[in-house]
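Here is the structure we will look at, set down as structure tokens.
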Amino acid sequence: MPRKYPPTREYVLQRTEEHHGHLIWTGRMYKNKPHIGHFGNPVRVLLELVGHPHRQVRPTCSEPRCIEPHHWQVIAENPLWHDHGPIKKWNDPRKRVMGGVTFTDREVEEIEDNVADVQSGEFTLEDVRESIKSDHVFEEIKRRVQM
Numbered sequence: 001m002p003r004k005y006p007p008t009r010e011y012v013l014q015r016t017e018e019h020h021g022h023l024i025w026t027g028r029m030y031k032n033k034p035h036i037g038h039f040g041n042p043v044r045v046l047l048e049l050v051g052h053p054h055r056q057v058r059p060t061c062s063e064p065r066c067i068e069p070h071h072w073q074v075i076a077e078n079p080l081w082h083d084h085g086p087i088k089k090w091n092d093p094r095k096r097v098m099g100g101v102t103f104t105d106r107e108v109e110e111i112e113d114n115v116a117d118v119q120s121g122e123f124t125l126e127d128v129r130e131s132i133k134s135d136h137v138f139e140e141i142k143r144r145v146q147m
């Protein structure tokens, strides 16, 4: 039997329609939830949770067919005593696009760390400016600190 590969983002988006701010799943439903056979919830593909078995998704939207990533909450399960190793790190793709600019996982982590340092008073924006090489990363740090 051929190996079951996880569905791609394009596969999921072909089976959706935008409707009043929702991304409506037009594919199969199972127990009143969007479902892809042998895989599960299609929102996991959009949130890049394929290969992260210790992360669950919960809807925050009342529309049962909605798979808009911003309408779902990602929950990390507590590891059980018999689990081996730490839970794999997952960077939320919803945080990567800010103000029309797409950031890499490393840049998102750098932004979050520097914002926390400036807000705690450990560093000033001038100190951060000297250590940051890319202008678009510094602009995002400055925008978040001033919010």
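Quick note on the UniProt record's numbering: the sequence shown kicks off at 1 and runs consecutively. In this text, a Cβ means the ideal position worked out from N, Cα and C, and glycines have one as well.
- Does the distance from the C-beta atom of Pro69 to that of Asn32 stay below 8 Å? For the purposes of this step, residue 69 is taken as the residue at position 69 of the sequence shown. For the purposes of this step, residue 32 is taken as the residue at position 32 of the sequence shown. Cβ atoms of Pro69 and Asn32: not closer than 8 Å.
- Message: Suppose only complete runs of 3+ residues qualify. What are the beta strand (DSSP E) ranges in the segment 5-81, listed by chain order?
- Response: Positions of the beta strand (DSSP E) runs, each at least 3 residues long and wholly inside the segment 5-81, are given as 16-19, 22-25, 55-59 and 72-76 in order along the chain.
- Query: When burial is assigned at 16 or more other CB atoms within 10 Å of the CB, is Leu47 buried or exposed?
  - Reply: As a working mapping, residue 47 is identified with position 47 in the sequence shown. By the Cβ neighbour-count rule, Leu47 is buried, with 16 or more other Cβ atoms within 10 Å of its own.
- Item | Extent of the continuous alpha helix (DSSP H) run through Asp135 | Your numbering for residue 135 matches position 135 in the sequence shown. Counting along the chain, the alpha helix (DSSP H) containing Asp135 begins and ends at Asp135 to Val145.
- Task: With distances taken Cα to Cα, identify the nearest neighbour of Gln146 among Glu10, Glu77 and Ala116.
- Result: Stepping through the sequence shown from its first residue, residue 146 is reached at position 146. For Gln146, the nearest C-alpha among the options comes from Ala116.
- On the premise that Asp92 lies in contact with Val74, defined as a C-beta separation below 8 Å, what is that separation, rounded to the nearest angstrom? Residue numbering aside, residue 74 sits at position 74 when the sequence shown is read from its first letter. Residue numbering aside, residue 92 sits at position 92 when the sequence shown is read from its first letter. By a beta-carbon distance limit of 8 Å, Val74 contacts Asp92. Their separation comes to about 7 Å.
- If you count every other CB in all the chains shown that lies within 10 Å of the CB of Glu126, and 16 or more means buried, which is it? Position 126 of the sequence shown, counted from the first residue, corresponds to residue 126. Glu126 is exposed by the Cβ-count criterion.
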